[in-house]
DNA sequence: ATTTCTTGGTGTATATTATACACAAAGATA
DNA sequence: TATCTTTGTGTATAATATACACCAAGAAAT
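Residue numbers (the working numbering), protein chains in the order written: chain X, 85 to 332; chain Y, 85 to 332.
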């Protein structure tokens with residue numbers, strides 16, 4: 085049954101995180117409502133990557149489809165972080181303007197399913213330019229104008245990410261295949277908003293036998309080159325103890 | 085806007101857990117399709133507590149409403165554990181029979197939002213009898229006939245429960261207000277399928293200052309009476325360290 | 001009154017893990 | 001050759017986890 089009809093009432097929104105070796109970023113889509121006479125933007129804001137689902141696809145597939153459309157990438161790490169009724173969140177005058185503007189029979193969304201996506205920055209930089217899509221530091225979201233309940237969704241995603249990162253080795257999804265221990269440490273510091281002692285952090289990583297040192301070293305850096313490491317999910321699955329605490 | 089129309093496409097299912105001081109149980113609703121001529125049951129199975137949502141209510145409210153209808157209780161611990169597309173799960177011949185039988189325009193559910201409920205057994209025993217609702221040991225679910233994707237949902241709920249119980253003090257929701265340390269230990273053992281050393285378990289609980297000993301003791305037990313304890317969420321919120329590991 | 005039964009309640013020694021802390025080495029650049 | 005920046009390493013102390021066995025309290029039976 086290949087019907088491909090849009091399902092009313094339900095939408096999927098993806099909160100896409102990236103890491104630039106300094107800080108955590110989110111992918112947002114900018115949109116503007118242009119006044120036809122003056123040609124100027126009447127209102128503008130940012131949205132998450134979201135769309136309705138089709139009636140012949142799974143929720144996970146819908147999220148993957150949306151992300152593929154936005155970044156050109158397949159096989160992105162995706163995890164649901166919640167479903168939200170949203171009746172009482174479409175409340176600002178601005179939101180109502182948007183609804184009138186975009187309403188094509190689909191505006192009566194009742195439930196939004198939120199997905200958390202982690203992507204390796206080094207793999208997308210090229211594909212982005214031609215769209216009104218760009219990275220924003222997570223620290224900047226508080227002051228941004230965002231559509232509907234998207235700021236709320238963003239913070240729920242961030243909370244979910246911070247929770248999960250302590251318990252599962254998903255942070256590696258934000259790094260390239262080869263990474264240094266300093267990069268890994270900076271990533272965890274950016275994710276959790278803390279800082280770690282270098283020696284103790286490395287001691288902890290040394291116990292994770294699924295973080296494997298390579299023979300390769302950094303090249304062309306103006307200082308002592310660091311060793312590269314690799315995350316092996318295979319080794320992780322085999323050697324995971326019943327432990328809970330991951331980092332920290 | 086009080087419209088109270090049923091929202092198509094979306095349903096809420098609650099997986100209700102209870103603890104009888106021995107093992108973990110789930111609340112299931114039995115249903116039968118009766119043949120009008122012979123008066124015999126053609127097919128029968130068990131379902132979770134579920135229903136559609138109304139367009140003027142939140143997801144959480146819908147789940148609470150469904151549970152109130154089933155148990156008569158308000159203020160039940162409820163937490164979402166996921167949203168699921170279910171297109172490809174309504175596949176058995178039996179499921180199709182059911183769909184024809186109950187179809188009243190609502191059968192085309194696309195998304196089910198799953199809720200995990202924890203209830204204090206001692207507070208519901210009375211209200212149940214008059215319905216086809218009863219407790220089943222979690223260990224028995226594997227062999228049971230369940231509707232649609234409900235068995236799948238049950239296991240997802242169980243996984244979520246086992247995950248959360250290690251990280252947050254939600255297990256207390258399954259116990260009466262006053263409980264003994266042995267009851268608490270048995271609960272964790274039932275939840276996680278492990279067993280703990282009594283002395284070490286109690287040492288761990290002693291560090292949780294939000295598990296507070298009372299002056300009351302058990303009465304009428306044919307052995308040394310145990311001291312009662314109380315869980316204080318207030319103290320928990322104030323004294324929680326950044327720690328992750330809860331029990332284990 | 002004494003015995004028996006069942007569950008409650010406790011401490012110590014050892015191993016493991018977490019924390020705090022400072023300096024030399026590698027390579028690029030000037 | 002000196003300077004700069006980041007890498008990479010060890011040890012001592014505190015805190016936490018684990019393994020393990022016996023007496024105490026009360027009810028029930030004799």
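Here a beta-carbon is modelled for each residue, glycine too, at the ideal position from N, C-alpha and C.
Close-in-space but distant-in-sequence residues of the same chain around residue i (CB under 6 Å, 5 per side omitted)
| i | result |
| --- | --- |
| residue 163 of chain X | 200 |
| residue 179 of chain X | 232 |
| residue 160 of chain Y | 151, 201 and 203 |
| residue 311 of chain X | 297 and 301 |
| residue 104 of chain Y | 205 |
| residue 116 of chain X | 125 and 128 |
| residue 81 of chain X | Any answer about residue 81 of chain X is impossible in this case: the structure gives chain X only from 85 up to 332. |
| residue 330 of chain X | 250 and 251 |
| residue 197 of chain Y | 96, 143 and 167 |
| residue 272 of chain X | 331 |
| residue 279 of chain Y | 273 |
N-terminal and C-terminal residue of the alpha helix (DSSP H) that residue i is part of
| i | result |
| --- | --- |
| residue 271 of chain X | 265-276 |
| residue 284 of chain X | 282-291 |
| residue 91 of chain X | Looking at the DSSP string, residue 91 of chain X is not in any alpha helix (DSSP H); the run it does join, the beta strand (DSSP E), is 90-103. |
Per-residue burial, residue i [other beta carbons within 10 Å of its own, 16 or more giving buried]
| i | result |
| --- | --- |
| residue 158 of chain Y | exposed |
| residue 291 of chain X | exposed |
| residue 169 of chain X | buried |
| residue 189 of chain Y | Low per-residue confidence applies at residue 189 of chain Y: pLDDT is 47, beneath 50, and the placement is therefore not dependable, though the value from the model is reported in the following sentence. By the neighbour-count rule (16 or more Cβ atoms within 10 Å), residue 189 of chain Y is not buried but exposed. |
| residue 322 of chain Y | exposed |
| residue 332 of chain X | exposed |
| residue 250 of chain X | buried |
| residue 166 of chain Y | buried |
| residue 277 of chain Y | exposed |
| residue 109 of chain Y | buried |
| residue 284 of chain X | exposed |
| residue 226 of chain X | exposed |
| residue 96 of chain X | buried |
| residue 293 of chain X | exposed |
| residue 234 of chain X | buried |
Selected residue, minimal CA-CA separation from residue i, among the options
| i | options | result |
| --- | --- | --- |
| residue 114 of chain Y | Y/120, Y/106 and Y/132 | Y/132 |
| residue 216 of chain Y | Y/130, Y/293, Y/241 and Y/236 | Y/130 |
| residue 91 of chain Y | X/234, X/332 and X/195 | X/195 |
| residue 126 of chain X | X/185, X/296 and X/283 | X/185 |
| residue 101 of chain X | X/139, X/136, X/255 and X/328 | X/255 |
| residue 107 of chain X | X/268, X/134, X/293 and X/93 | X/268 |
| residue 134 of chain X | X/118, X/98 and X/140 | X/98 |
| residue 94 of chain X | X/140, X/119, X/136 and X/122 | X/136 |
| residue 262 of chain Y | Y/273, Y/248, Y/207 and Y/307 | Y/207 |
Own chain partners of residue i with C-beta closer than 8 Å, once the 5 adjacent residues on each side are dropped
| i | result |
| --- | --- |
| residue 218 of chain X | 111, 112, 114 and 212 |
| residue 148 of chain X | 158, 160 and 162 |
| residue 145 of chain X | none |
| residue 264 of chain Y | 302, 310, 311, 312 and 313 |
For residue i, the first and last residue of its enclosing beta strand (DSSP E)
| i | result |
| --- | --- |
| residue 244 of chain X | Unbroken run through residue 244 of chain X is the alpha helix (DSSP H), 234-249; no beta strand (DSSP E). |
| residue 319 of chain X | Here residue 319 of chain X belongs to no beta strand (DSSP E); instead the alpha helix (DSSP H) covers 317-323. |
| residue 201 of chain X | 195-203 |
| residue 218 of chain Y | 217-221 |
| residue 306 of chain X | Unbroken run through residue 306 of chain X: none, as it is neither H nor E. |
| residue 296 of chain Y | 295-301 |
Proximity test, residue i beta-carbon vs the ligand MG heavy atom, cut-off 8 Å
| i | result |
| --- | --- |
| residue 227 of chain X | Because no ligand of any kind appears in the structure shown, any question about the ligand MG cannot be addressed here. |
Neighbourhood of residue i by C-beta distance below 7 Å, restricted to the same chain and skipping five residues each side
| i | result |
| --- | --- |
| residue 242 of chain X | 222 |
| residue 244 of chain Y | 165 and 200 |
| residue 315 of chain X | 253, 256, 294 and 295 |
Runs of alpha helix (DSSP H) lying entirely within the region 109-180 of chain Y, each at least 4 residues, in chain order: 143-155
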